[in-house]
Each structure stands twice: as C-alpha cells, then as structure tokens.
Amino acid sequence: MQMEWLRRFFKPKQNNFMQMLVQQGAYTVTAVEALQGYLKKRNEKKSAYAREVEQQADEIQRIFVHELMDTFVTPIDREDLFALTRALDNFIDYVYDTVEELEIFQL
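Spelled out as structure tokens, the structure:
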C-alpha cells in the first residue's frame with residue numbers, strides 16, 4: 013500500500029502550473045471588469061457576477077495548491093508558486109470585498 017503511494021509521488025506528472033496561473037490571471041482581469049461594471053451601474057446581477065468570478069477563482073486556487081502539494085518537483089520554486097497564486101487570489105478577494113462593501117454601505 014505504501015509503495016503504491018511512493019510510486020505515485022515520484023512518478024513524473026504533467027502539471028499545468030503555468031496554465032493555471034494564466035487562468036487565475038484571467039479571472040483577476042474578469043474580476044476587475046466585474047467591479048468596473050458594478051461601479052457603472054449598480055445592481056444585484058452585477059454583484060452576483062462578481063461573486064461568481066470570485067468563487068471560480070477560489071476553485072482554481074484550491075486545485076493549484078492541491079497539485080502543488082502533491083508534486084515532488086515543480087518548474088519554479090514551490091514557495092514562489094504558492095506566493096503568486098495566493099497573491100492573485102487575495103487580489104480577487106479584495107475586488108469582491110469592494111463590491112460587497114459598496115452594497116452594504118450603499119455607496
């Protein structure tokens with residue numbers, strides 16, 4: 013049983029770290045566009061869209077971290093990859109928090 017886990021751990025895998033980072037970057041742009049759209053015309057639909065983008069980006073980040081922790085050798089330093097994905101996710105969270113706070117305070 014443990015040998016199987018060890019084989020899977022050392023077996024080279026095709027990880028798409030760069031592709032996931034690009035996808036997370038695209039969600040960052042989409043989140044900012046959602047905020048911009050919300051600022052132009054504030055309504056529940058645009059707020060819900062911003063939340064949807066944030067949730068999708070969270071899912072990509074979750075998958076990224078899971079793959080990162082499950083990979084023995086990474087193309088870039090593991091800590092750097094983690095810091096980058098966390099920074100992108102935090103930025104998207106801040107964008108959504110802005111929309112949410114504008115709604116709460118009715119600004």
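Residue numbers (our numbering): 13 to 119.
Backbone N, C-alpha and C define an ideal beta-carbon position, used for all residues, glycine too.
Separation of residue j from residue i, as counted between CA atoms
i, j, result
"V34", "L18", "30 Å"
"A95", "Q67", "19 Å"
"T40", "P87", "23 Å"
"Q73", "E79", "10 Å"
"M15", "S59", "49 Å"
"K52", "V111", "12 Å"
"E64", "D89", "31 Å"
"E45", "L93", "25 Å"
"T83", "N55", "43 Å"
"E113", "T42", "19 Å"
"E71", "Q36", "10 Å"
"Y108", "V77", "21 Å"
Buried or exposed (CB count within 10 angstroms, at least 16 for buried), residue i
i, result
"Q118", "exposed"
"V85", "exposed"
"Q48", "exposed"
"A99", "exposed"
"Y106", "exposed"
"D101", "buried"
"I116", "exposed"
"A62", "buried"
Entirely within the region 44 to 119 and at least 3 residues each: give me those beta strand (DSSP E) ranges in chain order. none
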